[in-house]
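Engineer:
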Ligand code: ADP
Ligand code: MG
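See below:
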């Protein structure tokens, strides 16, 4: 029979599995059992949809059998099974879960990374087996098929016999080598241990024939061996267990088993309520950002169970967008199973649960912030931006709900601070919460516009996320103190040096404004500069940072902030300007152009005419 080839990316994974030096091989069993459990879930769905079918609990199970002599470990299930095409599709290529698509070739080589981070599914069995046979009969079909593969060189599919609907996965366990022990996967106690560790909460019985011995009947000292079928897993789902019985590790295992993420969550929240609506929920706050988190592809949602049965994989209505990073599940007895998904979305009970969950998540985050700052900051690193979008979204509808979760980098503390912390340090006479927006902390630290505010001893919040200033504009104030950009026209600080503007200066600035045309709306003597010669500030709502961010979006071109060129009249450059103004109008034009372009460069804005600028510098040097 002709061998079929695995698809290219599957081949790479297979190769990894076969030659894996990964020590955590035992997870192959978790993978196969979870597939079996999924398959039973699917048949369960079928019976829910079809009135003529009933789900007879006792006939659905997973069973492990060991044939030590032939080194075979079989995992059987009475799930939905696979027909010929499905065997080909599902086992011939990597699961479409997407976890693989984004991985680059070079990352793929790093076996540790992948195996540690993702569920690797069916293929992981090749870590322990040198041959895999899958015998399957699909629900609603009379035919059964055998899929078989020795690994990398492909697989075959042929018809065969099988009585029950379902799937048998038969692994031929590798021979022991000098360094490696594979026999353990044929040992009952070892298999039992793995099942307990990873699959204890699987809702269907996982059975195994175990060898036992007993006193021979009628004898007082003669024993006989016999086998007995035992159910190994406890089947009680973790969310129905008492919190006191569970360890952090149990939750972490559940998180991993469920594929909620590949990181270690910073926090789990276990809710069991019997109030107006009774429900159990286990929620996780991840530490690391999923690779697609800030893309359109990312789907938020919690798993929704009705009385222990999964009815929706990602129920989006259970989470507000700004908490879209939360993973987990909700199980409620009060939701009816046969409810259609459309109806479910508007279900009142669901809304109450969603609201409870929202508040609970916020409270837990506040507590984390207070009690374990390090963890919170790790979380914030990944999802802080999402929270800030949350402030901004829906015209700021939830800005107050979220404001205490925000952190910004402080010019004085040199670390992230809360708005409350900022207020607590604020001198009495300070009128505003000052901020500066820019690309990075390093750049902001050198920003000329911060000079006066910093000189006053006032703390400045550094905004380096694109969303920051937008969020703050929506918030406007925090506890009645308004936010103020260091680049805004009016700073609310009395300048110490009184820059009397004489007539001559005024006409100089007018002339410069004329030279610059529409590029700036005004040229002024600066109140905020100390050591730098020039800077740009803005008038009006739209800041220069916002202009940059908006113009980076494809749909919004040509947006301009209202810019003001500020000149430090205490700087030597200013005397040069005055000189030029009085004696040499060409020189004034040259200086004006240079200063304006300098200001653009400091802001990180593109020069209008780079060539002209560099020619002007040459002119200056000659
Ligand atoms: P995943 O479970 O993430 O989809 P796997 O590699 O574990 O990826 O499995 C690939 C696919 O093979 C499954 O999605 C399922 O369709 C099918 N499959 C695997 N094991 C079984 C089984 N025991 N019964 C029915 N289908 C199965
Ligand atoms: Mg799987």
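Residue numbers (my numbering): 325 to 946. Glycine included, every Cβ here is placed at the ideal spot set by N, Cα and C.
(1) By how many angstroms is the C-alpha of residue 476 removed from the C-alpha of residue 339?
(2) Which same chain residues end up closer than 7 Å to residue 637 when comparing Cβ atoms and leaving out the 5 residues on each side of it in sequence?
(3) Any residue with its Cβ nearer than 5 Å to a heavy atom of the ligand MG should be included. What is that list in chain order?
(4) Exposed or buried, residue 859, counting other C-beta atoms within 10 Å across all chains shown (16 or more means buried)?
(5) Roughly how many angstroms separate the alpha carbons of residue 941 and residue 850, rounded to a whole number?
(6) Using three-state DSSP, classify residue 864 as helix, strand or coil.
(7) Quick check: the stretch 446–462 against the stretch 366–376, are there 3 or more CB pairs under 8 Å?
(8) With a 10 Å radius around its C-beta and 16 neighbouring C-beta atoms as the bar for buried, classify residue 883 as buried or exposed.
(9) Quick one: what's residue 482 bridged to in DSSP?
(10) Just to check my reading of the structure: residue 677 and residue 601 have Cβ atoms closer than 8 Å, yes? What is that Cβ distance to the nearest angstrom?
(11) Do you know offhand how far residue 359's Cα is from residue 810's?
(12) Let's test the definition: count the other Cβ atoms within 10 Å of the Cβ of residue 467 and tell me whether it reaches 16, buried, or not, exposed.
(13) For residue 500, which residues in the same chain have their Cβ closer than 7 Å to its Cβ, ignoring the five residues on either side in sequence?
(14) State the Cα-Cα distance for the pair residue 502 and residue 397, rounded to the nearest angstrom.
(15) When the Cα atoms are used, what is the spatial distance from residue 407 to residue 462?
(16) May I have the straight-line CA-CA distance separating residue 812 from residue 892, to the nearest angstrom?
(17) Is residue 508 near the ligand ADP - that is, is its Cβ less than 7 Å away from at least one heavy atom of it?
(18) So what does residue 888 bridge to, in DSSP terms?
(19) Are residue 689 and residue 729 touching if we call contact CB-CB under 8 Å?
(20) Is residue 479 near the ligand ADP, in the sense that its beta carbon is under 7 Å from a heavy atom of that ligand?
(21) Taking just the CA atoms, how far does residue 722 sit from residue 696?
(22) Is residue 692 closer than 8 Å to residue 591 when the C-beta atoms are compared?
(23) Would the stretch 374–381 and the stretch 517–527 be scored as touching if the rule is three or more Cβ pairs under 8 Å?
(24) Tell me the DSSP secondary structure of residue 937 in three-state form.
(25) Taking three-plus beta-carbon pairs below 8 Å as touching, is the stretch 825–841 in contact with the stretch 753–773?
(26) Run the CB neighbour count on residue 385, radius 10 Å, all protein chains shown included, and call it buried at 16 or more, exposed below.
(27) Applying the 10 Å Cβ sphere with the 16-neighbour rule, what's the burial state of residue 818?
(28) Go to residue 572, then tell me how far its alpha helix (DSSP H) extends in each direction, as first and last residue.
(29) What's the C-alpha gap between residue 937 and residue 612?
(30) One question on the structure: do residue 561 and residue 585 come within less than 8 Å of each other, judged by their Cβ atoms?
(31) Assign residue 464 to one of two classes, buried (16 or more other C-beta atoms within 10 Å of its C-beta) or exposed (fewer than that).
Structural biologist: The relevant details are as follows:
(1) In the chain shown, counting from the first residue as 1, residue 339 sits at position 15. In the chain shown, counting from the first residue as 1, residue 476 sits at position 152. Rounded to the nearest whole angstrom, the C-alpha separation of residue 339 and residue 476 is 7 Å.
(2) To locate residue 637, count along the chain shown from 1; it is residue 313. Excluding positions up to five away in sequence, the list reads 627.
(3) If you measure from each CB to the nearest heavy atom of the ligand MG, the residues under 5 Å come out as 359 and 445.
(4) Along the chain shown, read from residue 1 onward, the residue named residue 859 stands at position 535. Buried is the call here.
(5) In the chain shown, residue 941 corresponds to position 617, counting from 1. In the chain shown, residue 850 corresponds to position 526, counting from 1. Rounded to whole angstroms, residue 941 to residue 850 spans 24 Å at the Cα level.
(6) Numbered from 1 along the chain shown, position 540 holds the residue referred to as residue 864. Correct three-state label for residue 864: coil.
(7) As far as the Cβ criterion goes, the stretch 446–462 does not touch the stretch 366–376, which means the pair count is below three.
(8) Against the chain shown, residue 883 aligns to sequence position 559. Exposed.
(9) By one-based count along the chain shown, residue 482 stands at place 158. Partner(s): 470.
(10) Reading the chain shown from its first residue, position 353 is the one you call residue 677. Reading the chain shown from its first residue, position 277 is the one you call residue 601. The beta-carbon separation of residue 677 and residue 601, rounded to 6 Å, stays under the 8 Å limit for a contact.
(11) Taking the first residue of the chain shown as position 1, residue 359 is located at position 35. Taking the first residue of the chain shown as position 1, residue 810 is located at position 486. Residue 359 and residue 810 have their C-alpha atoms spaced approximately 58 Å apart.
(12) Residue mapping note: residue 467 aligns to position 143 of the chain shown, counting from 1. With fewer than 16 other Cβ atoms within 10 Å, it is exposed.
(13) Within the chain shown, numbered from 1, the residue matching residue 500 stands at position 176. Excluding positions up to five away in sequence, the list reads 506 and 507.
(14) Position 178 of the chain shown, counted from the start, is the residue given in the question as residue 502. Position 73 of the chain shown, counted from the start, is the residue given in the question as residue 397. Rounded to whole angstroms, the separation of the alpha carbons of residue 397 and residue 502 is 22 Å.
(15) Within the chain shown, residue 407 is the residue found at index 83, counting from 1. Within the chain shown, residue 462 is the residue found at index 138, counting from 1. The straight-line gap from Cα to Cα measures roughly 5 Å.
(16) Locating residue 812 in the chain shown gives position 488, counting from the first residue. Locating residue 892 in the chain shown gives position 568, counting from the first residue. Distance between the alpha carbons of residue 812 and residue 892 is about 16 Å.
(17) Locating residue 508 in the chain shown gives position 184, where the first residue counts as 1. Flag unset: Cβ of residue 508 not near the ligand ADP.
(18) Walking along the chain shown from the start, residue 888 turns up at place 564. DSSP lists 846 and 861 as partners of residue 888.
(19) Here residue 689 corresponds to residue number 365 of the chain shown, with the count starting at 1. Here residue 729 corresponds to residue number 405 of the chain shown, with the count starting at 1. For the pair residue 689 and residue 729, the CB atoms are nearer than the 8 Å cut-off.
(20) Here residue 479 refers to the residue found at position 155 of the chain shown. Because no heavy atom of the ligand ADP lies under 7 Å away, the Cβ of residue 479 does not count as near it: no.
(21) In the chain shown, counting from the first residue as 1, residue 696 sits at position 372. In the chain shown, counting from the first residue as 1, residue 722 sits at position 398. One C-alpha to the other measures close to 25 Å.
(22) Counting from one through the chain shown, the residue named residue 591 turns up at place 267. Counting from one through the chain shown, the residue named residue 692 turns up at place 368. Residue 591 is a Cβ neighbour of residue 692, given a cutoff of 8 Å.
(23) Using a C-beta cut-off of 8 Å, the stretch 374–381 makes no contact with the stretch 517–527, since fewer than three inter-stretch Cβ pairs fall below that distance.
(24) Within the chain shown, numbered from 1, the residue matching residue 937 stands at position 613. It is helical.
(25) Touching, no.
(26) For the purposes of this step, residue 385 is taken as residue 61 along the chain shown, with counting starting at 1. It counts as buried.
(27) The residue labelled residue 818 in the question sits at position 494 within the chain shown. Result: exposed.
(28) Start at 1 with the first residue of the chain shown, and residue 572 comes out as number 248. DSSP places residue 572 in the uninterrupted alpha helix (DSSP H) bounded by 572–581.
(29) Residue 937 sits at position 613 when you count from the first residue of the chain shown. Residue 612 sits at position 288 when you count from the first residue of the chain shown. Rounded to the nearest angstrom, the two C-alpha atoms are 45 Å apart.
(30) In the chain shown, residue 561 corresponds to position 237, counting from 1. In the chain shown, residue 585 corresponds to position 261, counting from 1. With respect to residue 585, residue 561 sits apart: the two C-beta atoms are not nearer than 8 Å.
(31) Translated into positions along the chain shown, residue 464 becomes position 140. Residue 464 is exposed by the Cβ-count criterion.
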